[in-house]
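Novice: As they're listed, the protein sequences go chains A and B.
Read in order, the letters of the first sequence are residues 1 to 217 in the numbering used here.
Read in order, the letters of the second sequence are residues 1 to 429 in the numbering used here.
Every residue, glycine too, gets a C-beta built ideally from N, C-alpha and C.
All values reported here derive from a predicted model rather than from experimental measurement.
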Amino acid sequence: MEERIRQRRALYTVLREWLDEKNLLEALQIFEDHFQGQPTIAVHEYLTRIAPLYRDRVDAKTLRRNLMQILVRRSAELEPDPLPLLQQLRAQQSTQELKIQGRQPTPEQQALHQLVSGMIRKLSLLQRKQLHISIAQQLKQHFVNGSYDALAQYLLTDNPLHLASFDDRALRTFFNLIYVAACEVLGPVSADRWFGGSIAQLRETDQVAGAALNRYL
Amino acid sequence: MKQLALLIGFLLLPANVLAADSPGAVDAVWVVTAAALVFFMQAGFALLESGMARSKNAVNVVMKNYMDVCVGSLVFWAVGFGLMFGVNESGFFGTTHLFPEFDEGWPWIFMLFQTMFAATSTTIASGAMAERTRYLGYLLGAMLITGLVYPIFGSWVWGGFFGGKGWLAELGFIDFAGSTVVHSVGAWCALAGIMVVGPRLGRFDPVTGQPRTIPGHNLGMVALGGFILWLAWFGFNAGSTLQANMNLGKIALNTHLAACAGATSTMLLQALLGRPVLLTLTVNGSIAGLVAITAGCATMNPGYAIVTGLVAGIIVVAGTRALELLLLDDAVGAIPVHGFAGVWGTIAAGLFFAEDPFNTQRVWVQAVGCVACFLWAFPLSYGMYWLLEKTVGLRASNLQQQRGLDYTEHHEIGYPEFEQLHLHKPLTP
Numbered sequence: 001m002e003e004r005i006r007q008r009r010a011l012y013t014v015l016r017e018w019l020d021e022k023n024l025l026e027a028l029q030i031f032e033d034h035f036q037g038q039p040t041i042a043v044h045e046y047l048t049r050i051a052p053l054y055r056d057r058v059d060a061k062t063l064r065r066n067l068m069q070i071l072v073r074r075s076a077e078l079e080p081d082p083l084p085l086l087q088q089l090r091a092q093q094s095t096q097e098l099k100i101q102g103r104q105p106t107p108e109q110q111a112l113h114q115l116v117s118g119m120i121r122k123l124s125l126l127q128r129k130q131l132h133i134s135i136a137q138q139l140k141q142h143f144v145n146g147s148y149d150a151l152a153q154y155l156l157t158d159n160p161l162h163l164a165s166f167d168d169r170a171l172r173t174f175f176n177l178i179y180v181a182a183c184e185v186l187g188p189v190s191a192d193r194w195f196g197g198s199i200a201q202l203r204e205t206d207q208v209a210g211a212a213l214n215r216y217l
Numbered sequence: 001m002k003q004l005a006l007l008i009g010f011l012l013l014p015a016n017v018l019a020a021d022s023p024g025a026v027d028a029v030w031v032v033t034a035a036a037l038v039f040f041m042q043a044g045f046a047l048l049e050s051g052m053a054r055s056k057n058a059v060n061v062v063m064k065n066y067m068d069v070c071v072g073s074l075v076f077w078a079v080g081f082g083l084m085f086g087v088n089e090s091g092f093f094g095t096t097h098l099f100p101e102f103d104e105g106w107p108w109i110f111m112l113f114q115t116m117f118a119a120t121s122t123t124i125a126s127g128a129m130a131e132r133t134r135y136l137g138y139l140l141g142a143m144l145i146t147g148l149v150y151p152i153f154g155s156w157v158w159g160g161f162f163g164g165k166g167w168l169a170e171l172g173f174i175d176f177a178g179s180t181v182v183h184s185v186g187a188w189c190a191l192a193g194i195m196v197v198g199p200r201l202g203r204f205d206p207v208t209g210q211p212r213t214i215p216g217h218n219l220g221m222v223a224l225g226g227f228i229l230w231l232a233w234f235g236f237n238a239g240s241t242l243q244a245n246m247n248l249g250k251i252a253l254n255t256h257l258a259a260c261a262g263a264t265s266t267m268l269l270q271a272l273l274g275r276p277v278l279l280t281l282t283v284n285g286s287i288a289g290l291v292a293i294t295a296g297c298a299t300m301n302p303g304y305a306i307v308t309g310l311v312a313g314i315i316v317v318a319g320t321r322a323l324e325l326l327l328l329d330d331a332v333g334a335i336p337v338h339g340f341a342g343v344w345g346t347i348a349a350g351l352f353f354a355e356d357p358f359n360t361q362r363v364w365v366q367a368v369g370c371v372a373c374f375l376w377a378f379p380l381s382y383g384m385y386w387l388l389e390k391t392v393g394l395r396a397s398n399l400q401q402q403r404g405l406d407y408t409e410h411h412e413i414g415y416p417e418f419e420q421l422h423l424h425k426p427l428t429p
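1. Pick helix, strand or coil for Thr60 (chain B), following the three-state DSSP scheme.
2. Buried or exposed: which applies to Met246 (chain B), given that a residue is buried once 16 or more other Cβ atoms fall within 10 Å of its Cβ?
3. Three or more beta-carbon pairs under 8 Å between the region 412 to 420 of chain B and the region 231 to 243 of chain B, yes or no?
4. What residue ranges within the region 104 to 136 of chain B form continuous alpha helix (DSSP H) runs of no fewer than 4 residues, ordered along the chain?
5. Is Phe204 (chain B) helix, strand or coil when you go by DSSP?
6. In this structure, how does DSSP classify Asn23 (chain A) when only helix, strand and coil are distinguished?
7. With 8 Å set as the bound, which would you pick, yes or no: does the beta-carbon of His422 (chain B) sit closer than that to a beta-carbon of chain A?
8. Roughly how far, in whole angstroms, is the beta-carbon of Leu47 (chain A) from the beta-carbon of Ala60 (chain A), given that I think they are within contact range, below 8 Å?
9. Under DSSP, the alpha helix (DSSP H) around Ala191 (chain A) begins and ends at which residues?
10. For the alpha helix (DSSP H) containing Pro336 (chain B), name the first residue and the last one.
11. In chain order, which alpha helix (DSSP H) runs of at least 4 residues are fully inside the region 37 to 87 of chain B?
12. Let me make sure I understand the geometry here. Which of A:Arg4, A:Gln153, A:Thr62 and A:Asp20 has the alpha-carbon closest to that of Glu32 (chain A)?
13. Pull out every residue of the region 195 to 206 of chain B whose Cβ sits closer than 8 Å to any Cβ of chain A, in chain order.
14. Please classify Gly262 (chain B) as buried or exposed, where buried requires at least 16 neighbouring CB atoms within 10 angstroms.
15. To be precise: take each residue of the region 175 to 187 of chain A, compare its Cβ to all Cβ atoms of chain B, and keep it if any distance is under 7 Å. Which residues remain?
16. Could you give the residue range of the alpha helix (DSSP H) that holds Ile224 (chain A)?
17. For Lys425 (chain B), go through chain A and note every residue whose CB falls closer than 7 Å to its CB, in chain order.
18. Does Pro215 (chain B) get closer than 8 Å to chain E when you measure Cβ to Cβ?
19. Take Gly164 (chain B) and list the residues in its own chain whose beta-carbon comes closer than 6 Å to its own, dropping the five residues that flank it on each side.
20. From the DSSP output, in three-state form, read off Leu7 (chain B) for me.
21. Do you know offhand how far Thr123 (chain B)'s Cα is from Ala46 (chain B)'s?
22. According to DSSP, is Gly345 (chain B) helix, strand or coil?
23. Could you say which of A:His34, A:Arg65, A:Arg9 and A:Val189 lies nearest to Ile50 (chain A) if we only look at CA atoms?
24. Could you work out which residues of chain B lie near Asp192 (chain A), taking near to mean beta carbons separated by less than 8 Å?
25. With 8 Å as the threshold, decide whether the Cβ of Leu328 (chain B) is near any Cβ in chain A.
26. DSSP state of Gly209 (chain B), grouped into three classes?
27. From A:Leu63, A:Arg193, A:Ala10 and A:Leu25, pick the residue whose C-alpha is nearest to that of Arg90 (chain A); which is it?
28. When the cut-off is 8 Å and only beta carbons count, does Glu417 (chain B) lie next to chain A?
29. Just the chain B side, please: which residues come within less than 9 Å of Val218 (chain A) by C-beta, in chain order?
30. Could you list the residues in the region 374 to 401 of chain B with a C-beta less than 7 Å from some C-beta on chain A, going in chain order?
31. Using a Cβ cut-off of 9 Å, which residues of the region 208 to 236 of chain B contact any Cβ in chain A, in chain order?
32. Who are the neighbours of Ala203 (chain A) on chain B, taking C-beta pairs under 9 Å?
33. From B:Pro379, B:Thr255 and B:Ser155, pick the residue whose C-alpha is nearest to that of Glu170 (chain B); which is it?
34. Just to make sure I have the definition right: I need the residues of chain B whose C-beta is within less than 8 Å of the C-beta of Gly196 (chain A). Which are they?
35. Can you confirm whether His410 (chain B), when its beta carbon is compared against all beta carbons of chain A, has any partner nearer than 8 Å?
36. When you compare the CB positions of Val332 (chain B) and Ala288 (chain B), do they come within less than 8 Å of one another, or not?
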């Protein structure tokens with residue numbers, strides 16, 4: 001228990017130099033949810049995961065080095081435990097989640113769902129599994145915490161409600177990440193055919209949805 | 001009618017009248033015609049590279065070919081020519097004739113011919129880096145290659161047109177029409193470019209590293225491009241005599257035989273290895289033969305020209321595979337064709353030198369020239385492309401690659417009527 005608190009304080013100490021309060025708490029929350037209790041080496045993966053929060057502000061190598069130095073400092077040199085701040089954030093998020101549940105996807109988001117859902121169904125089980133793994137890796141690099149979880153949930157449950165809280169830009173990125181993952185799993189030629197064919201098919205069968213889809217391409 | 005009579009009269013002139021010791025009108029006509037043929041290589045490259053790219057990037061590849069000759073020629077006129085051919089006291093670069101002006105006609109003709117060579121060297125990188133390179137970054141790179149990388153190395157071998165001599169020329173380095181000076185320089189720049197820009201999305205399996213073939217969209221264009229390059233190469237090699245003389249026949253014949261041998265050995269090797277005989281690789285084999293014979297086309301006999309071409313064809317097959325094993329994505333095979341075959345051709349020029357074949361001293365000098373070329377062109381262009389990536393951006397984003405560079409860079413589609421890949425928003429009229 002002592003070690004967990006110490007890790008949290010060390011992270012809080014080093015990350016506050018680079019991140020604003022909002023991003024800092026989000027980064028700490030990711031650590032608490034996914035990396036707490038793991039060996040110190042997992043910190044590397046953690047920093048990769050939260051890269052979108054600090055990108056353009058700091059060199060990842062510098063951040064890693066600083067973190068390693070601070071992890072071995074004496075307890076008195078660390079910032080106080082940020083647990084109360086994290087608990088406060090969680091309380092805010094649960095209120096927000098209740099609001100999101102009441103939100104409905106727009107016709108454009110429905111069109112995107114129609115396309116993605118149809119595309120995924122065309123794949124074999126093995127391909128679907130490989131694609132999910134690859135997309136998860138891509139999502140980690142571009143979305144953090146809540147957004148990442150929501151999109152991962154969307155792919156697993158095939159429920160368009162999860163798309164409702166995203167704007168066009170985020171969904172365009174999401175769609176592109178599926179394309180990148182498809183290129184890696186299926187190969188670029190098959191990925192082009194898969195995407196091109198599915199979009200053409202949707203445009204033919206449902207013109208309104210086909211037109212609505214344009215904003216994500 | 002009068003013009004036709006003059007033309008017939010000109011063609012009926014005896015050969016000894018055509019051959020002159022100092023540049024005359026006939027030499028001028030020949031070199032300008034050869035320069036036009038070398039310019040025609042750009043059409044060959046455009047067709048070949050565009051045909052090997054996917055349809056969503058076809059316009060982008062052609063635009064890069066079209067514009068690199070334009071910006072490259074302007075830069076070469078302004079600074080490249082002076083650096084390459086200006087008075088070269090140090091042996092390392094020319095120091096005069098920047099923004100050149102001449103009183104006589106011959107230097108203009110020479111400059112025209114050399115400008116076409118510079119454009120050829122520059123355009124090699126466009127194919128290798130195709131389908132994932134931003135247009136602006138590429139063009140800035142092309143300007144730096146034509147203005148700095150190519151002319152400085154060129155001055156080491158061909159420099160001193162207005163006085164002095166390059167240090168490699170002093171050593172006795174032979175590169176008649178530019179296997180190393182033009183093609184290897186271009187290929188090493190291309191190698192640096194593909195290392196900085198990275199492979200196309202999905203080119204290699206992320207788990208096993210196995211290469212995935214990304215077929216071109218129009219193989220007819222590839223073959224036509226190959227034929228055009230072959231035709232233009234007669235101007236490239238035979239034009240390098242800078243004289244209309246009796247050597248032209250042997251040079252042109254060597255050029256042709258090496259190309260034939262290159263294609264034949266590539267085809268046979270594919271068949272012997274039990275692989276499908278691919279058109280793209282076979283065309284590359286013929287071009288490798290052309291690249292390889294470029295250095296020694298004037299100094300070796302036709303039998304050796306065939307050997308040079310045969311080996312070049314084998315090098316292309318092996319070189320293409322070697323790049324794949326190193327996870328380097330050369331979209332059109334430019335590096336094996338222009339780089340590896342260029343090195344072989346340069347060595348072969350020393351090895352099969354007609355007056356004194358198999359002279360190890362000469363081969364050693366040739367090897368020194370090849371190494372010097374790599375050590376100059378590769379690190380410099382790597383640094384240049386790295387800087388471009390960090391500043392203006394060189395690699396196209398994933399979204400741009402999804403949509404295709406025709407749409408994202410030019411807002412034009414190569415095949416609007418036949419488009420099957422709906423990977424971007426429709427173009428608004």
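Specialist: Based on what the coordinates show:
1. Per the sequence shown, the amino acid found at residue 60 (chain B) is Asn instead of Thr. Asn60 (chain B): helix per DSSP, three-state reduction.
2. Met246 (chain B) is exposed by the Cβ-count criterion.
3. Cβ pair count under 8 Å is below three, so no.
4. Within the region 104 to 136 of chain B, the complete alpha helix (DSSP H) segments of 4 residues or longer fall at 106 to 128, listed in chain order.
5. Of the three classes helix, strand and coil, the one that applies to Phe204 (chain B) here is strand, per DSSP.
6. The answer is helix: DSSP assigns Asn23 (chain A) an H, G or I state.
7. Output row for His422 (chain B): interface = yes.
8. Cβ atoms of Leu47 (chain A) and Ala60 (chain A) come within 8 Å of each other, at about 6 Å.
9. If you look at Ala191 (chain A), you'll find it in the alpha helix (DSSP H) that goes Pro188 to Thr205.
10. Run containing Pro336 (chain B): none; DSSP gives neither H nor E here.
11. Qualifying alpha helix (DSSP H) stretches, in chain order: 58 to 75 and 81 to 85.
12. In terms of Cα proximity to Glu32 (chain A), the closest of A:Arg4, A:Gln153, A:Thr62 and A:Asp20 is A:Arg4.
13. From the region 195 to 206 of chain B, only Arg200, Leu201, Gly202, Arg203, Asp205 and Pro206 have a Cβ closer than 8 Å to chain A.
14. Counting C-beta atoms within 10 angstroms of its own C-beta, Gly262 (chain B) has 16 or more neighbours from the protein chains shown and is therefore classed as buried.
15. Identification of residues in the region 175 to 187 of chain A having a C-beta nearer than 7 Å to some C-beta of chain B yields Asn176, Tyr179, Val180, Cys183, Glu184 and Gly187, given in sequence order.
16. The structure shown has nothing for residue 224 (chain A), since chain A only spans 1 to 217.
17. Those within 7 Å of Lys425 (chain B) in chain A are Asn214 and Leu217.
18. Of the protein chains in the structure, A and B, none is chain E.
19. Hits under 6 Å: Val87, Asn88 and Glu89.
20. Caution applies to Leu7 (chain B), whose pLDDT of 47 falls short of 50 and renders its modelled position unreliable; the model cannot decide the point.
21. About 9 Å.
22. Three-state DSSP puts Gly345 (chain B) in a helix.
23. When A:His34, A:Arg65, A:Arg9 and A:Val189 are compared, the shortest CA-CA separation from Ile50 (chain A) is found for A:His34.
24. Proximity of chain B to Asp192 (chain A) at the Cβ level (cut-off 8 Å) is accounted for by Arg54, Lys56, Leu421 and Leu423, in chain order.
25. Judged by the 8 Å Cβ criterion, Leu328 (chain B) is not in contact with chain A.
26. Collapsing the DSSP output to three states places Gly209 (chain B) in coil.
27. When each option's Cα is compared against that of Arg90 (chain A), the closest is A:Leu25.
28. Interface flag for Glu417 (chain B) against chain A is unset, since no Cβ pair is found closer than 8 Å.
29. What is shown of chain A runs 1 to 217, which leaves residue 218 (chain A) out entirely.
30. If the cut-off is 7 Å between Cβ atoms, the region 374 to 401 of chain B has Asn398 and Leu399 near chain A.
31. Those would be Arg212, Thr213, Ile214 and Pro215, in chain order.
32. The identity of residue 203 (chain A) in the sequence shown is Arg, whereas the question assumes Ala. Against chain B, the beta carbon of Arg203 (chain A) has neighbours under 9 Å at His422, listed in chain order.
33. Glu170 (chain B) has its Cα closest to that of B:Ser155, out of B:Pro379, B:Thr255 and B:Ser155.
34. What Gly196 (chain A) touches in chain B: Gln420, Leu421, His422 and Leu423.
35. Cβ-Cβ to chain A under 8 Å: no for His410 (chain B).
36. No. Outside cutoff.
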